[in-house]
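Asks: Got a structure for you, written out below as structure tokens; questions coming shortly.
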Amino acid sequence: MSNFWQFVLAALVLVLAVMVVLMFRKKELIDKLNYVFAMNTVIVLLILVVGFAGGREDMFIDIALSYSILGFVTSVILAKYIGGRKK
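If you read the sequence shown in my numbering, its first letter stands for residue 178, the second for the next number, and so on.
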């Protein structure tokens, strides 16, 4: 793994750690969910970077796509649940 990929991985992990800290500081549920959805995107990027750094892009792209689809479906379900709960 080259220094470039190590730097990118470290930067993404740092961004993820900051997002976790900020998420726990928020009081509202919708703010926490927004952080979770943003962390989902960063985790997909982490999966892709690990794949490119390790030379197994094909396998990790499939994993990242599956994870992002799961995150999208989860966000739609939670949005429906929260939207229906306010009525």
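We treat Cβ as the ideally placed atom computed from N, Cα and C, and that holds for glycine.
Going straight from the alpha carbon of T218 to that of S245, what length do you get?
Replies: 7 Å
Asks: Suppose contacts are defined by Cβ-Cβ distances below 9 Å. Is I240 in contact with I224 by that definition?
Replies: yes
Asks: Provide the residue span of the alpha helix (DSSP H) that contains G228, from first to last.
Replies: 206-231
Asks: List the whole-angstrom C-beta distance separating Y212 from K203, where the pair is believed to meet the contact cut-off of C-beta under 8 Å.
Replies: That pair is a contact at about 7 Å.
Asks: Excluding the 5 residues preceding and the 5 following A215 in the sequence, name in chain order all residues of the same chain whose CB lies nearer than 8 Å to its CB.
Replies: M196
Asks: Quick check on this structure: which residue in V221, D235, L247, L206 has the alpha carbon closest to the alpha carbon of G260?
Replies: The shortest C-alpha separation from G260 is found at L206.
Asks: Suppose the cutoff is 8 Å on Cβ atoms and the five residues either side in sequence are ignored; what does the same chain contact list for V226 look like?
Replies: W182, V185, L186, L189
Asks: CA-CA distance, A256 and L247?
Replies: 14 Å
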